[in-house]
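The structure appears right after this line, and notes come after that.
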Amino acid sequence: MTDSKDKISGLSNDEVTSSRAKNGTNSLEHQEKNHFLMSLLEMVKEPMFLLLVAAASIYYISGDYGDGIFMTVAIFLVAAISLFQEARSRNAIETLKKLSQPKSKVIRNNELIEIPSEDIVLGDFIQVEEGTFTPADAIIVQSNDFSVNESILTGESLSIFKNETSENKTIYQGTTVATGLAICEVIAIGNQTNLGKIGKSIATIVEEKTPLQIQINNFVTKMSVIGLVIFIIVWAINYYHSKVVLDSLLKALTIAMSVIPEEIPVAFASFMALGAWRLMKMGIITKQTKTVETLGSATVICTDKTGTITENKMSLAQLYVFKTDAIVDTKEKISPEAEDVLNYAMWSSEPIPFDAMEIAIHEAYAKLQSVDERPNFKLVHEYPLGGKPPMMTHVFEDSNGKKIIATKGAPEAIIEVSHLSEIEKQKILLAMEKMTNEGYRVLGVGVTDFSGTNYPKTQQEFKFTFQGLVAFYDPPKANIQEVFQTFYDAGIQLKIVTGDNAQTTSTIAKQIGFKDADKILNGDELMTMDEATLKVKVMETAIFTRMFPEAKLKIIQALKDNNQIVAMTGDGVNDGPALKSAHIGIAMGKKGTEIAKQAANLILIDDDFAKMTDAIAMGRRIYVNLKKAIQYIISIHIPIIMIVFIPLALGWIYPNIFTPVHIIFLEIIMGPTCSIIYENEPMERNLMLQKPRPLTTTFFNLKEITISIIQGLVITLGLLFMYQYCVQNNFTESYTRTSIFLTLIASNIFLTLENRSFYYSIFTTICYKNNLVLMIIGVTLILTSLLLFVPIFSKFFLFEMVDYTQIGFSILIAFVSVIWIEFYKLFKRR
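Once you know that position 248 of the sequence shown is 242 in this note's numbering, the rest is easy, because the numbers rise by one and skip nothing.
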């Protein structure tokens, strides 16, 4: 395979450029989407936009061109803010899509390189191997024990063996390589592929809404209905008094605009998209923004051992020679019998090793004094890793027809296929126990003879001679103990799910301070349990050993049956089903197969499991900040609704204290506050010391929604107090309006600062690093000052110059209306 591959030089850089210019890219996009136009159409359908247009139209019809022009400018401003937020979110998602794109191996300029699959061009030579997706339609040029699963196209689940001499030697985009390796010449890309022509583009699949999205949309819909009902009531009351249709409609529109919390869906979309973007900056690719929503709820993390807990830097530590019943340390000079064990371990490995253990075997073999036989032999047949427990077998042959057939795998698997007495089995198991007690990963090695080419269907049909054991040491990662402690502190259970044996895993687990390292269950025992027993056992067990795909899947399902939110790490082809089944599938970016990456929700770019603590912290932070934003929106909308509705409904002296221009000004201030300030809030220091939040059907619990409603009602009392104070002192309508507006703006600023935490005091949160707080509050103060002190603006908003005493009084009322929450926080901390 290696010799023949070198003969293919692939395309040059100039040929790649020419082919791309002539034939396009390897993308399944069926049409270019005009995102700006789509966003514009979506925005035009929003209730708030329609209300603004209606208000502006009424102003123009009634001849009030000044207010009409202001409303028109406000429409453009609101549209610009909305489109900016939409573009910001979309750009974040597009960046993530590019990063999570599958990679492929191609031969170019006589080198094997890895590139994004989209960059493949017509005429490229691609290398596809077990565990990868076929990135384009191609013809097999060279292959070895190559089979492909074409169920995506044919519906047939069985794999098909193909090679360069087959009648049909074409492989198709989207199919999965089941076994072996092949080098193929690309004959169709993008929409010209078989998959592209029948339009099975993944991009066309509509993503389902998450529970949180549904809850938020339902809330906004209910508020819109309430707004419509109040609109009709207010219009009827006004029309009853004035008998003027347009003026009544305008005043009714004011209340309708104050009711609809259109900031909430915008805030949700921004938080999720920007959260995913922030994770990407930390080295974690989130393939779907909805994963961010689930991260903060994770209650159980099922992690692999090799490469996740350990370094995945295998070194050959010991050899057990079955002939002499001796364990040999590889640091010392090894005997000829030990050399034989190592030789057969090498012949049972891939000729071009990519697995850490096989790399270690090849390196140890290269250091032997004997002649290197590898160039003289060619791999003619192989049996991929399979069986329970797993094993793999390779058949090599030289030019003289001499064969070497070697196998390696779980010691139990090699013992099973070898002719051994009970005494011999006990000898091997004793040696294995000694090795695993030191934390070594152990594989059995066997050899057999076979003539002809009519190989048995399965490797287990060979009768092997047991040769010995090879033991590897894979040291734990330096930071893994701290990582585990962070998860434990956050109330998250950890479970190791590995294909390794119990003793090795338990030894490593104890070395790193893993809790309940003696509570172990193996795959075979697990598969015999009924659902009820497994449901109990899966919560008690910390280490699952000798696991295979079906067993992993059963673990995930049993945990889900216990109402756990499950995160699962994996990197191999066999991890695909479990990664897909888990609430949060986590694949490794470097050593993970494409199948694992496609099945997962998250990809750890540099394979650093420690990043999962950052991911969960980010998930919790985003969720908590989104809650703060929505609680702020609820709290500030209540006083706006009440101050518009109560004076009118009760027939007070100034029934229409605010007009649509005042409401839209408040909306312009509130929008950036909730979706910019709160999105940028840092994580509260106690967040990773709390238990995971339950994944419930409601966004807020009763206490949280009650607090927000009380906040809004207390601010309303402050505004109504200011109203009555102004009336009692015989202030004019414009003076009263100005005082109430000032009180509301000041309340909004204090509420913004107070709601940065519902646990820590404002004196603590004021020190949080968030430059946007000062910026947004600064802009609010500047705009409010312009409305107060610049005559053209104050006249337009029907305001009147108020003295500094009255300004101070408005600020004081606002402060008292909001600061009471500090006593609630103090009680909560106590």
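Positions of the beta carbon are idealized from the N, C-alpha and C atoms, including for glycine.
Source: prediction; values computed, not measured.
Between Ala182 and Ser141, the C-beta gap is not smaller than 9 Å, which leaves the two residues out of contact. Secondary structure within the segment 285 to 367: the alpha helix (DSSP H) runs of 4 or more consecutive residues, fully enclosed, are 330 to 341, 350 to 360 (chain order).
The count of Cβ pairs closer than 8 Å, one atom from the segment 554 to 572 and one from the segment 287 to 301, reaches three, so the stretches are in contact.
Here Gly485 is actually not in contact with Gly125; their C-beta atoms are around 35 Å apart, not less than 8 Å.
The secondary-structure analysis by DSSP pairs Gln121 across a beta bridge with Lys99, Ile177. Non-local beta-carbon contacts of Gly403 in its own chain, meaning distances under 8 Å to residues more than five positions away in sequence, involve Leu379, Gly381, Pro383, Pro384, Met385, Met386, Leu437, Gly438 in chain order.
Beta-bridge annotation (DSSP): Phe390 is paired with Leu373, Ile398. For Gln487, there is no enclosing alpha helix (DSSP H); the enclosing beta strand (DSSP E) covers residues 487 to 491. Going by beta carbons, Met541 and Gly507 fall outside the 9 Å limit.
Shown here, Arg823 sits in a helix according to DSSP, grouped into three states. Per the Cβ contact rule, the segment 348 to 360 is in contact with the segment 303 to 311 (3 or more Cβ pairs under 8 Å). Minimum Cα-Cα distance from Asn17 among the listed residues Lys509, Asn185, Tyr233 corresponds to Asn185. With respect to the 9 Å criterion, Phe458 and Ser412 are classified as neighbours on the basis of their beta carbons. Residue pairing by DSSP places Ser137 opposite Ala176 in a beta bridge. Between Ile422 and Phe466 the beta-carbon gap is near 17 Å, outside 8 Å, which marks them as no contact. Ranking Ser788, Phe639, Leu738, Leu714 by CA distance to the CA of Ile220 puts Phe639 first. Burial state of Thr318 is exposed, judged by a 10 Å Cβ sphere holding fewer than 16 other Cβ atoms. Fewer than three Cβ pairs drawn from the segment 515 to 533 and the segment 273 to 292 lie within less than 8 Å of each other, which leaves the two stretches out of contact. Of the candidates Leu313, Ile346, Gly570, Tyr729, Leu313 places its Cα closest to the Cα of Pro330.
For Phe735, the enclosing alpha helix (DSSP H) begins and ends at 727 to 748. The C-beta distance from Pro345 to Leu362 rounds to 17 Å, too long to meet the 8 Å contact threshold.
In the three-state reduction of the DSSP assignment, Met276 falls in the coil class, being assigned neither a helical nor a strand state. In terms of CA proximity to Ser728, Phe652 leads the group Lys97, Glu675, Phe652. Secondary structure note for Met582: its beta strand (DSSP E) is the uninterrupted segment 578 to 582. Selection Ala74, Ser153, Ile786, Arg102 evaluated against Thr11 yields Arg102 as nearest (Cα-Cα).
Looking at Thr447, Glu675, Ser741, the one whose alpha-carbon comes closest to that of Pro633 is Ser741. Between Asn211 and Pro259, the gap from beta carbon to beta carbon is short of 9 Å. Linking Ser702 to Gln684 through their CA atoms gives a straight-line distance of about 22 Å. Counting the other Cβ atoms within 10 Å of the Cβ of Arg731 gives 16 or more, which makes it buried. Excluding the 5 residues flanking it on each side, Ile549 has same chain C-beta neighbours closer than 8 Å at Cys296, Lys489, Val491, Leu520, Val532, Phe538, Met541, Ala572, in chain order. In this structure Glu432 touches Thr501 by the C-beta definition: roughly 7 Å separates them, less than 8 Å. CA-to-CA, the gap between Ile734 and Arg824 works out to about 36 Å. The three-state secondary structure of Val638, taken from DSSP, is helix.
The beta carbon of Val767 is closer than 7 Å to those of Ile671 in its chain, skipping five residues each way along the sequence. The alpha-carbon separation between Phe456 and Pro450 amounts to approximately 7 Å. Contact annotation: Ala130 and Asn20 have beta-carbon atoms nearer than 9 Å.
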